[in-house]
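The working numbering numbers the first residue of the sequence shown as 186 and each following residue consecutively. Heads up, the thing below is written out as structure tokens.
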Amino acid sequence: MTINITPISNESFNLNETSSTTINLLNHFDDPLTTGKVANFNLEDNSLGSGEINIVLFDQTGEGAPIAVNNFASYVDGGSYNNSIIDRSFSTSQSKYILGGAYTVENLEVKRITPNAPIEDEFSSQRSNKAGTIAMYKLTDEANSARNRWVFNVGDNPDFDTRGGGLTVFGQVLSPEDLNTLNAIASLPVTNTSLPVINPVTSSQFSTLFSRLPVNDNTIANDFNFPYPSYPFTEDNQFVRFENITIDNVLEFTFTVESNTDPDVVSASFDNQGNLILDYGSSLKTPLYRFQNQDLPGTYLFVGEQERQSILSNFRNFKEEGLAFKTASQANGDTIKTGETDITIKATNLLGESAQQSFKVSVTGDVPENENQDQLIRFNRFQNRDIPGTYLYAAEEESRNIRQNYTNFIEEGIAFYTYGADANLGQDIYRFQNTSQPGTYLFVGEEEKNSILANYPQFVLEGVAFEVAV
186 MTINITPISN ESFNLNETSS TTINLLNHFD DPLTTGKVAN FNLEDNSLGS
236 GEINIVLFDQ TGEGAPIAVN NFASYVDGGS YNNSIIDRSF STSQSKYILG
286 GAYTVENLEV KRITPNAPIE DEFSSQRSNK AGTIAMYKLT DEANSARNRW
336 VFNVGDNPDF DTRGGGLTVF GQVLSPEDLN TLNAIASLPV TNTSLPVINP
386 VTSSQFSTLF SRLPVNDNTI ANDFNFPYPS YPFTEDNQFV RFENITIDNV
436 LEFTFTVESN TDPDVVSASF DNQGNLILDY GSSLKTPLYR FQNQDLPGTY
486 LFVGEQERQS ILSNFRNFKE EGLAFKTASQ ANGDTIKTGE TDITIKATNL
536 LGESAQQSFK VSVTGDVPEN ENQDQLIRFN RFQNRDIPGT YLYAAEEESR
586 NIRQNYTNFI EEGIAFYTYG ADANLGQDIY RFQNTSQPGT YLFVGEEEKN
636 SILANYPQFV LEGVAFEVAV
């Protein structure tokens, strides 16, 4: 797949007129398959692989399959796939897939999912039924007959590219971990069985043969001799069952600074809306990005650009939330100067493919004196070793108290420099403690502070922690 690029033009700024500029990078990079929709298949049994399957949905008009995505989303939004099961697992040297979207199980009661009208095919040879993709399934070889059923291609299934004109691929696994979960399901034992199924529209019950039904229990016999065993299940979780399926909208790219020949002239950072922020007139130019530790809800990490790139590459449990605020990397403030710099931005889409753009920025004008540099104070970072992956940022006075009295906090070094809580030189950043995870903290601006006070009683406000430049 090719990422579409619209060049970023060279820029020229004057310090006497502006101090920063914003460029919307989504106007310059476009993934022709997706707008950033991700489906999460949440398994009841989280011991199967990672316990979830994340799928990038190909909803873009043109190269994507928007009809199939919208059809799938209509069942998701209606809750039709809650408690749905994988009802067939098939594996040979030529074909490997798992099939779902047709039945739910709750309290051992099997129900058929009521299908909507069939949809128009959007098969494309550029979206082939390769391992790791999801497609709308057809019960027959009739074109335009897909409804509610979907199929995960655990292996390459070229025969699906011709069945009824081709099964429409409308998504792909987000990561190797998601493919591992598909393989974990496909590796489960299977059985043939006859089960009573309820039609939710008529409330009538009818007997249905389930061929090669995967079972999450090795004690259920794999009896393939007719007549097939009738209802060997004693609990819901013996089925491979999804608690729910949800769809989120995320940014379709992760942006990083591949190179910046003179960051003293211009610093480059990114917010969570796909904007590139060029800062050239402030002594607080060092961006700090906020990540949430998804293994510990309500816990956060704030890092600079270099550590950010390491986290994005290596620590999937930390979810980036965007630019938090800007600080200084040195005690007398970040350098303000005129000159030129060459910046290269790397855009990586949700499937790990990337593209780059380079452009030149020149800065002119009179360099202002940093009259407030003596008021910058140092903040240190501590990790709470009682709760690995959680962090505290503290000024020097509080740091001394932590060193003397709280040995469970390990000091990791200087985090940043910024204005103190009473400087009256910028925007207040408030500190909250998460009482649900004692010893964990969150730093936010005024607007988010008010939202937290109104909606999240587990977060206790401790006051203004520091100030950042407006």
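We put the beta carbon where it would ideally sit given N, CA and C, even for glycine. Note that the structure is a prediction, hence the values are computed from the model and not measured.
In this structure, how does DSSP classify Ala253 when only helix, strand and coil are distinguished? Reduced to three states, the DSSP call for Ala253 is helix.
How about Lys315 and Leu352: are their beta carbons less than 8 Å apart? Their beta carbons are not under 8 Å apart, which means Lys315 does not touch Leu352 by this criterion.
Nearest to Thr187 by alpha carbon, out of Tyr474, Leu536, Gly264 and Ala328? For Thr187, the closest alpha carbon among the candidates Tyr474, Leu536, Gly264 and Ala328 is that of Leu536.
Measure the beta-carbon distance from Asp480 to Asn502 and round it to whole angstroms, keeping in mind my assumption that it falls under 8 Å. At roughly 5 Å, the Cβ-Cβ gap stays under 8 Å, so Asp480 and Asn502 are in contact.
Return the chain-ordered ranges of every beta strand (DSSP E) run that is complete within the segment 315-358 and spans a minimum of 3 residues. Within the segment 315-358, the complete beta strand (DSSP E) runs of at least 3 residues are 318-321, 335-338 and 354-358.
For Ser514 and Val451, I'd like the C-alpha separation in whole angstroms. Looking at the backbone, the Cα of Ser514 and that of Val451 are separated by about 14 Å.
Sort Ile521, Leu228, Lys531 and Pro385 by Cα distance to Gly285 and report the nearest one. Of the listed residues, the one whose Cα sits closest to Gly285 is Leu228.
What are the boundary residues of the alpha helix (DSSP H) that Ala654 is part of? Counting along the chain, Ala654 falls outside any alpha helix (DSSP H), and DSSP gives it neither H nor E.
Alpha carbon to alpha carbon, how far is Thr620 from Ala639? Give it in angstroms, no decimals. Cα to Cα, Ala639 sits roughly 16 Å from Thr620.
I think Pro472 touches Glu492, with their Cβ atoms under 8 Å apart; what is that distance to the nearest whole Å? Beta-carbon to beta-carbon, Pro472 and Glu492 are separated by about 11 Å, too far to satisfy the 8 Å threshold.
Short Cβ contact (8 Å threshold) for Phe510 with Ile614: Between Phe510 and Ile614, the CB-CB gap stays under 8 Å.
Measuring CB atoms only, is the segment 249-266 touching the segment 319-336, in the sense that at least three cross pairs come out at less than 8 Å? Taking 8 Å as the limit for Cβ pairs, the verdict is that the segment 319-336 does touch the segment 249-266.
Would you kindly work out how many angstroms separate the C-alpha atoms of Leu610 and Pro482, rounded to a whole number? Going from the Cα of Leu610 to the Cα of Pro482 covers about 33 Å.
Quick check on Val649: does DSSP put it in helix, strand or coil? Under the three-state reduction of DSSP, Val649 is assigned to strand.
Ile283 and Ile271: beta carbons closer than 8 Å? A contact, by the Cβ cut-off of 8 Å.
Pro399 burial status per 10 Å Cβ neighbour count (16 or more: buried): Result: buried.
What residue range is occupied by the uninterrupted alpha helix (DSSP H) comprising Lys531? Premise fails: Lys531 lies in the beta strand (DSSP E), Gly524 to Asn534, not in any alpha helix (DSSP H).
May I have the straight-line CA-CA distance separating Phe544 from Gly249, to the nearest angstrom? Our two residues, Phe544 and Gly249, have alpha carbons roughly 30 Å apart in a direct line.
Hey, how far is the Cα of Phe198 from the Cα of Gln542? Rounded to whole angstroms, the separation of the alpha carbons of Gln542 and Phe198 is 20 Å.
Ignoring anything shorter than 3 residues or poking outside the segment 210-292, list the beta strand (DSSP E) runs there in chain order. Given a length threshold of 3 residues, each whole run of the beta strand (DSSP E) inside the segment 210-292 is given here in chain order: 222-228, 237-242, 269-276 and 281-291.
Just reading off the alpha helix (DSSP H) that Ile496 is part of, what are its end residues? Run containing Ile496: Glu490 to Asn499, per the alpha helix (DSSP H) assignment.
So, at 8 Å on beta carbons, what are the nonlocal neighbours of Val507 in its own chain, with the 5 sequence-adjacent residues on each side left out? The question names Val, yet the displayed sequence has Gly at residue 507. Cβ neighbours of Gly507 beyond the five flanking positions: Phe455, Asp456, Asn457, Gln458, Tyr474 and Arg475.
Just the Cα atoms here: how many angstroms apart are Thr344 and Thr191? Note that residue 344 is Asp in the sequence shown, not Thr. Roughly 37 Å between the two C-alpha positions.
Separation of Thr220 from Glu538, as counted between CA atoms: For Glu538 and Thr220, the distance between alpha carbons rounds to 15 Å.
Spatial neighbours of Asp306 in its chain, beta-carbon cut-off 8 Å, leaving aside the 5 residues before and after: Only Ala328, Asn329, Ala331, Gly349, Gly350, Gly351 and Thr353 meet the Cβ criterion.
Just to check my reading of the structure: Ile370 and Leu233 have Cβ atoms closer than 8 Å, yes? What is that Cβ distance to the nearest angstrom? Right, their Cβ atoms sit about 6 Å apart.
Between the segment 585-596 and the segment 627-635, do three or more beta carbon pairs fall short of 8 Å? At 8 Å Cβ cutoff, the stretches do not touch.
Please name the residue in Gly605, Asn209 and Tyr576 whose C-alpha comes closest to that of Gln477. Minimum Cα distance to Gln477 is reached at Tyr576.
From which residue to which residue does the beta strand (DSSP E) around Pro399 run? Note, Pro399: beta strand (DSSP E), Gln390 to Pro399.
Integer Cβ distance of Ile562 from Glu581, believed to fall under 8 Å: The pair is a contact, with the Cβ atoms about 7 Å apart (cut-off 8 Å).
Who does Ser197 pair with in a DSSP beta bridge? Ser547.
Asn457, DSSP secondary structure in three states: Asn457: coil per DSSP, three-state reduction.
CB contact flag (Glu597, Gln568, <8 Å): Their beta carbons are under 8 Å apart, which means Glu597 touches Gln568 by this criterion.
Please identify the residue among Ala516, Leu394 and Asp402 whose C-alpha is closest to the C-alpha of Arg273. For the set Ala516, Leu394 and Asp402, the Cα lying nearest the Cα of Arg273 is the one of Leu394.
Specify, as a first and last residue, the run of the beta strand (DSSP E) that Leu638 falls within. In the DSSP annotation of this structure, Leu638 is not part of any beta strand (DSSP E); the continuous alpha helix (DSSP H) holding it starts and ends at Glu631 to Asn640.
Kindly give me the distance between the Cβ atoms of Phe424 and Asn403, rounded to whole angstroms, as I take these residues to be in contact under 8 Å. Rounded, the Cβ-Cβ distance is 14 Å, inconsistent with contact.
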